[in-house]
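Residue numbers (the working numbering), protein chains in the order written: chain A, 1 to 286; chain B, 1 to 445; chain C, 1 to 333.
One structure is given here, and the rest of the page talks about it.
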Amino acid sequence: MTTTIIFTIVCLSLLGLGLALILYFTAQKFKVEEDPRIDDVEAILPGANCGGCGFAGCRAFAEGCVKAESLDTMYCPVGGNDVMKNVAVYLGRTIAEKAPQVAVVKCNGNCDSRPKTSNYDGYPSCAVMSTLYSGDTGCRYGCLGQGDCELSCKFDALKMDPRTGLPEIDADKCTACGACIKACPKILIEFRNKGPKGKRIFVSCMNKDKGGIARKSCSVACIGCTKCQKVCAYDAITISSNLAYIDYNKCKLCRKCVVECPTNAIWEVNFPVRVPKKEVLTAEEQ
Amino acid sequence: MSKTFSIGGIHPSDNKISVKAAIENFPLMEMAYISLSQHLGAPAEPVVAKGDKVKTGQLIAKANGFISANVHSSVSGTVSSIELLPDLAGNPVQHIVIKVEGDDWLENINRSSEIEREIKLSGPEILVKIAECGIVGLGGAAFPTHIKLSPPPGKKAEYLIINGAECEPYLTSDYRIMLEQPEEILIGAKIMMKALNVNKCFLGIEDNKPKAIKKMKGLCSKSYPQIKVVSLLKKYPQGGEKQLIDAIVKRQVPSMGLPIDTGVVVQNVGTALAVYEAVQKNKPLFEGIVTVTGKCMTEQRNFRMRVGTTFESMIFAVGGFPKDAEKLISGGPMMGKAVSRIDASSVKSTSALLLLTEKETKRGEEGNCIRCAKCVEACPMGLEPFLLNRLSRAGKIEELEANMVQDCIECGSCIYTCPANIPLLDTIRLSKAQVLKILRSRPKK
Amino acid sequence: MKKLIVSPAPHLHGEKTTRNLMRDVIIALSPSLLVSVYYFGFSAVKLALVGAVTAVLVEFVIQRYIIKGKITINDYSAALTGLLLALNLPPNSPWWIVFIGSVVAIGIAKMTYGGIGQNLFNPALVGRVFLLVSFPAIMTDWTIPASWFREGIDANTGATALSIVKEGLAKGIPMDQIFSENNFSYTQMLFSKIGGSVGEVSAFALILGFVYLLIRKVIKPHIPVAIIATVMVFSGIFWLIDPGHYTDPLFNVLTGGILIGSVFMATDYVTSPMSTRGMVFYGVGIGIITMLIRNFGSYPEGISFAILIMNACVPLINTYFKPKRFGREVNNG
Numbered sequence: 001m002t003t004t005i006i007f008t009i010v011c012l013s014l015l016g017l018g019l020a021l022i023l024y025f026t027a028q029k030f031k032v033e034e035d036p037r038i039d040d041v042e043a044i045l046p047g048a049n050c051g052g053c054g055f056a057g058c059r060a061f062a063e064g065c066v067k068a069e070s071l072d073t074m075y076c077p078v079g080g081n082d083v084m085k086n087v088a089v090y091l092g093r094t095i096a097e098k099a100p101q102v103a104v105v106k107c108n109g110n111c112d113s114r115p116k117t118s119n120y121d122g123y124p125s126c127a128v129m130s131t132l133y134s135g136d137t138g139c140r141y142g143c144l145g146q147g148d149c150e151l152s153c154k155f156d157a158l159k160m161d162p163r164t165g166l167p168e169i170d171a172d173k174c175t176a177c178g179a180c181i182k183a184c185p186k187i188l189i190e191f192r193n194k195g196p197k198g199k200r201i202f203v204s205c206m207n208k209d210k211g212g213i214a215r216k217s218c219s220v221a222c223i224g225c226t227k228c229q230k231v232c233a234y235d236a237i238t239i240s241s242n243l244a245y246i247d248y249n250k251c252k253l254c255r256k257c258v259v260e261c262p263t264n265a266i267w268e269v270n271f272p273v274r275v276p277k278k279e280v281l282t283a284e285e286q
Numbered sequence: 001m002s003k004t005f006s007i008g009g010i011h012p013s014d015n016k017i018s019v020k021a022a023i024e025n026f027p028l029m030e031m032a033y034i035s036l037s038q039h040l041g042a043p044a045e046p047v048v049a050k051g052d053k054v055k056t057g058q059l060i061a062k063a064n065g066f067i068s069a070n071v072h073s074s075v076s077g078t079v080s081s082i083e084l085l086p087d088l089a090g091n092p093v094q095h096i097v098i099k100v101e102g103d104d105w106l107e108n109i110n111r112s113s114e115i116e117r118e119i120k121l122s123g124p125e126i127l128v129k130i131a132e133c134g135i136v137g138l139g140g141a142a143f144p145t146h147i148k149l150s151p152p153p154g155k156k157a158e159y160l161i162i163n164g165a166e167c168e169p170y171l172t173s174d175y176r177i178m179l180e181q182p183e184e185i186l187i188g189a190k191i192m193m194k195a196l197n198v199n200k201c202f203l204g205i206e207d208n209k210p211k212a213i214k215k216m217k218g219l220c221s222k223s224y225p226q227i228k229v230v231s232l233l234k235k236y237p238q239g240g241e242k243q244l245i246d247a248i249v250k251r252q253v254p255s256m257g258l259p260i261d262t263g264v265v266v267q268n269v270g271t272a273l274a275v276y277e278a279v280q281k282n283k284p285l286f287e288g289i290v291t292v293t294g295k296c297m298t299e300q301r302n303f304r305m306r307v308g309t310t311f312e313s314m315i316f317a318v319g320g321f322p323k324d325a326e327k328l329i330s331g332g333p334m335m336g337k338a339v340s341r342i343d344a345s346s347v348k349s350t351s352a353l354l355l356l357t358e359k360e361t362k363r364g365e366e367g368n369c370i371r372c373a374k375c376v377e378a379c380p381m382g383l384e385p386f387l388l389n390r391l392s393r394a395g396k397i398e399e400l401e402a403n404m405v406q407d408c409i410e411c412g413s414c415i416y417t418c419p420a421n422i423p424l425l426d427t428i429r430l431s432k433a434q435v436l437k438i439l440r441s442r443p444k445k
Numbered sequence: 001m002k003k004l005i006v007s008p009a010p011h012l013h014g015e016k017t018t019r020n021l022m023r024d025v026i027i028a029l030s031p032s033l034l035v036s037v038y039y040f041g042f043s044a045v046k047l048a049l050v051g052a053v054t055a056v057l058v059e060f061v062i063q064r065y066i067i068k069g070k071i072t073i074n075d076y077s078a079a080l081t082g083l084l085l086a087l088n089l090p091p092n093s094p095w096w097i098v099f100i101g102s103v104v105a106i107g108i109a110k111m112t113y114g115g116i117g118q119n120l121f122n123p124a125l126v127g128r129v130f131l132l133v134s135f136p137a138i139m140t141d142w143t144i145p146a147s148w149f150r151e152g153i154d155a156n157t158g159a160t161a162l163s164i165v166k167e168g169l170a171k172g173i174p175m176d177q178i179f180s181e182n183n184f185s186y187t188q189m190l191f192s193k194i195g196g197s198v199g200e201v202s203a204f205a206l207i208l209g210f211v212y213l214l215i216r217k218v219i220k221p222h223i224p225v226a227i228i229a230t231v232m233v234f235s236g237i238f239w240l241i242d243p244g245h246y247t248d249p250l251f252n253v254l255t256g257g258i259l260i261g262s263v264f265m266a267t268d269y270v271t272s273p274m275s276t277r278g279m280v281f282y283g284v285g286i287g288i289i290t291m292l293i294r295n296f297g298s299y300p301e302g303i304s305f306a307i308l309i310m311n312a313c314v315p316l317i318n319t320y321f322k323p324k325r326f327g328r329e330v331n332n333g
């Protein structure tokens with residue numbers, strides 16, 4: 001009995017040792033020579049492999065960083081400025097800080113403000129719906145509400161709100177990787193600066209129809225009236241094709257355009273709640 | 001003994017409830033909204049301006065580019081505007097809007113109903129005439145006919161096949177013209193044979209139209225021996241070009257190929273009639289037969305309708321919206337387009353306005369695929385829709401190409417048979433477009 | 001302004017649904033069920049009921065409390081699995097056998113894979129084989145239970161024809177003697193009861209079910225025909241060489257689970273191939289393995305194992321046996 005046990009132990013041990021040696025020598029013989037720094041940089045990165053940096057995964061990005069002449073074009077949106085600073089320090093280089101960005105959905109036409117004009121009965125995908133027709137509301141630019149963006153987000157940052165039919169972005173989880181921008185067939189999502197304390201202002205509309213037509217299909221559409229542009233002291237607003245656009249680099253967050261907009265198409269996020277003076281104005285205008 | 005295609009197919013009820021409705025003229029509308037994109041290819045360019053007076057049959061827009069077609073006015077009156085208006089899917093398309101005044105036709109159009117049998121034009125002259133009159137394929141795709149009748153260098157046509165199958169349920173416009181204007185169709189076929197320089201033609205008709213088969217057979221044996229009538233088994237999609245060629249001459253169009261690769265050109269009976277009217281009567285294409293039908297309607301009608309008639313006026317002319325009509329289709333129920341804007345107008349290839357009830361058309365809730373293989377059995381191209389659907393949802397482009405998604409003819413047989421109500425074709429269509437784009441951008445060997 | 005329904009084409013749907021397909025299979029099983037109730041009385045009813053109800057219950061509990069997802073018991077597929085399992089059991093089985101079998105069939109063979117459409121192995125067969133291996137004594141006890149409405153039927157009160165033959169051959173008794181001693185006759189096998197499980201008893205009832213499924217276009221004939229043809233050819237070859245030791249083709253087709261296996265078990269949608277060429281290959285494979293087990297293995301009946309083995313090969317069959325593609329194989333002018 002004991003001889004069997006001893007024999008087994010010796011045999012298996014020898015077998016294990018033999019195989020380990022084979023593996024070791026094979027690993028040595030077929031080893032790919034690589035810059036050892038790539039492994040270290042990869043270890044600093046978050047490891048999400050989301051492709052938001054524009055490279056095919058974290059390892060490719062690490063390789064890119066090591067080989068790049070300047071780190072200014074390299075940015076990992078998931079890790080953000082902290083991770084990029086660590087990478088720069090490790091590689092002994094400098095890097096300019098980038099303003100953190102977040103994805104923003106530029107449509108505010110919910111079930112109340114943008115009523116449905118038909119019942120869509122096909123496969124619940126924005127891609128299918130947009131190739132079929134101009135959408136189930138009067139506005140052919142607006143959000144289709146089938147959630148392709150939600151499916152594309154790997155960071156759980158984007159959820160379709162069943163009450164409004166629009167996507168809601170959780171700015172804390174959003175890493176600005178760009179997956180939702182690629183997924184939206186209406187190109188409604190944009191990267192904008194997160195802003196100090198998360199404060200940002202943007203025109204939540206992409207409707208390029210003339211004001212009268214836009215207003216008929218959605219009560220919070222941008223009608224291209226140019227009132228916002230006239231009130232902006234920083235030259236941040238441009239109007240093109242009946243649609244206003246706020247340049248987030250020039251915007252100083254003074255909030256004047258938000259008040260001025262007659263259709264409430266401009267959105268301010270993370271600001272203190274305004275005193276009712278705004279409601280009185282819009283009631284007068286309407 | 002009816003012929004049929006060799007792979008797949010389904011048997012929906014043909015619902016030809018409008019079969020007895022003789023063709024009647026649709027009342028002339030007040031405003032005509034004539035689209036400049038009534039054909040495959042680039043939209044036509046307007047040659048009239050706001051305020052111009054036009055006559056019925058007058059050229060109002062010219063073909064723009066190689067694959068394009070002329071557009072003619074279907075009414076006489078004053079051009080009210082040239083503007084972007086929504087098509088039936090709500091997308092903005094350039095239209096010429098004409099306020100209708102009287103019904104003054106161009107003088108050179110021969111309006112008599114006497115049949116002109118002698119073909120005076122030569123082959124090349126015929127092609128020019130067809131192009132001038134803006135003839136496009138009336139089978140649904142609206143491909144400019146003069147291009148189809150001019151095979152590219154290196155390819156020669158051996159046969160012409162006239163498609164009288166009308167395999168879509170509910171549609172009877174082709175059947176009615178075969179009953180009411182059979183000889184004109186045969187002369188149109190002869191004209192196209194002359195243009196193609198072929199001497200053998202087949203006319204395929206599904207066997208649920210015995211009267212049409214009998215009538216056509218009688219005429220052919222008497223006066224048109226070069227045209228052979230073929231009875232086809234009632235099966236969907238018998239009217240698909242590739243299936244038709246397979247059934248009648250037993251040749252299969254290769255993957256990514258065209259019918260001309262097998263030496264065959266296929267044209268719809270409606271196109272044959274339009275060609276007759278163009279070549280023998282100088283009449284451009286500006287009106288067609290439209291079946292207005294549906295189980296929820298009290299009367300079924302077949303109208304000779306001018307291009308530019310709004311769907312709204314069609315519904316009004318048959319007594320308004322039936323209470324239980326929930327979906328409007330332009331075309332047949334298997335491949336037609338659902339109308340989302342009833343202010344959109346008809347185009348040359350509009351063959352029907354179908355009113356469906358919710359019970360008939362509302363899709364059931366999607367369940368799990370039970371791997372019953374009914375979609376594989378039904379697919380006329382020998383594809384595996386269940387697999388293509390899964391690959392599409394997972395975005396696996398290379399595997400989709402390997403499984404021949406680019407061969408899909410979008411007939412809808414797969415969704416029709418799926419017991420689990422899976423919207424197979426919806427996702428397959430998307431990935432087919434993606435794969436085709438990639439295939440077409442590859443350098444040719 | 002009316003809100004119209006808008007969707008991509010097609011705008012019509014056929015009448016087949018998962019539910020009515022399963023319902024048609026249950027209807028096709030009813031001749032066999034009726035015949036077995038006639039011969040076995042209450043036992044058949046008890047087994048069928050417990051089987052179906054347990055299966056539905058297990059699926060409901062798992063979908064509601066464990067997966068917490070959609071509940072699909074109303075597509076009749078669980079009930080069908082339970083019923084098929086019951087029909088594969090000896091008539092004298094206690095209720096808890098079919099209970100355990102159903103739990104294994106639905107819980108392990110179906111739900112662990114993800115529910116309907118996802119399983120690799122035929123659930124009813126997995127249940128049956130589990131029972132066969134775990135409770136061999138009960139699963140090979142073919143005694144007919146007493147029944148209150150069956151009287152005076154002269155039936156075999158013991159082993160199935162296959163097991164009689166297997167034992168006889170093992171003892172060295174030649175084939176014609178086995179047949180004459182036991183009064184085996186083909187009419188008996190076709191129309192009336194010979195020893196066997198609840199569903200095997202009347203070949204004719206099973207053939208009726210097969211015809212119904214073909215008429216209703218629920219199944220295609222390729223798999224059953226391939227299996228039966230292979231069984232006949234394979235057994236025919238051996239029988240012609242040595243009739244004293246091998247049973248003839250007709251005997252092989254009419255006894256055991258070939259008919260119920262080929263018509264109801266092997267044609268299960270989820271676990272069978274998707275192209276007709278694949279189906280034929282699958283059927284031939286099942287036929288060969290069944291006959292190998294019957295003639296050379298220690299089990300008298302082999303179709304359950306044969307089907308399960310071929311189930312494992314189905315994903316590979318689906319990869320290599322593609323349907324005939326349009327435009328590929330026809331010579332063009």
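Don't be surprised by glycine CBs; every beta carbon is placed ideally from N, CA and C.
Please read these numbers as outputs of a predicted model, since none were measured by experiment.
- Ranking CYS254(A), LEU14(A), GLY51(A), GLY195(A) by CA distance to the CA of CYS232(A) puts CYS254(A) first.
- Less than 7 Å divides the Cβ of CYS53(A) from the Cβ of PHE61(A).
- Under a criterion of Cβ atoms nearer than 9 Å, the residues of chain B adjacent to ARG140(A) are, in order, PRO86, GLY90, ASN91, PRO92.
- The region 288 to 308 of chain B makes contact with the region 338 to 347 of chain B, as at least three CB pairs between them are under 8 Å.
- Note on geometry: alpha-carbon atoms of LEU430(B) and PRO124(A) lie some 13 Å from one another.
- DSSP places TYR120(A) within a strand segment (E or B) once states are collapsed to three.
- LEU219(B) is the residue among LYS99(B), LEU219(B), GLU168(B), LEU171(B) whose C-alpha sits nearest the C-alpha of ILE185(B).
- ARG363(B) reaches chain A at ASP121, counting residues in chain order whose Cβ is nearer than 7 Å.
- The shortest C-alpha to C-alpha distance from ASN270(A) to any of VAL220(A), LYS210(A), LYS197(A), ASP40(A) is the one to LYS197(A).
- As the crow flies, the alpha-carbon of ARG163(A) is around 8 Å from that of ASN110(A).
- Looking at the DSSP output, ASN110(A) shares a beta bridge with no other residue.
- Taking 7 Å as the threshold, the shortest C-beta distance from LYS70(C) to chain A does not fall below it.
- The residues ALA179, CYS180, ALA183, in chain order, have a CB closer than 6 Å to that of SER152(A) in the same chain once the five nearest residues on each side in sequence are set aside.
- Beta-bridge partners assigned by DSSP to THR291(B): ASN302(B), ALA352(B).
- By DSSP's assignment, TRP267(A) forms a beta bridge with PHE202(A).
- Within the region 227 to 251 of chain A, the alpha helix (DSSP H) runs of at least 4 residues that lie entirely inside it are, in chain order, 227 to 231.
- Residue state for LYS148(B) is assigned as helix, using DSSP reduced to three classes.
- DSSP places ILE5(C) outside any alpha helix (DSSP H); the residue lies instead in the beta strand (DSSP E), whose first and last residues are 4 to 6.
- Per DSSP, the beta bridge partners of PRO92(B) are PRO86(B).
- Those residues of the region 298 to 324 of chain C placed with their C-beta closer than 8 Å to a C-beta in chain B are LYS322, PRO323, LYS324, ordered along the chain.
- Taking a Cβ-Cβ threshold of 7 Å, none of the residues of chain A is close to LEU33(C); the smallest such distance is about 40 Å.
- Proximity of TYR175(B) to chain C, defined by a Cβ-Cβ separation below 7 Å, is not satisfied.
- By DSSP's assignment, TYR33(B) forms a beta bridge with VAL97(B).
- Taking 8 Å as the Cβ-Cβ cut-off, the region 104 to 119 of chain A approaches chain C at LYS116, THR117, SER118, ASN119, given in chain order.
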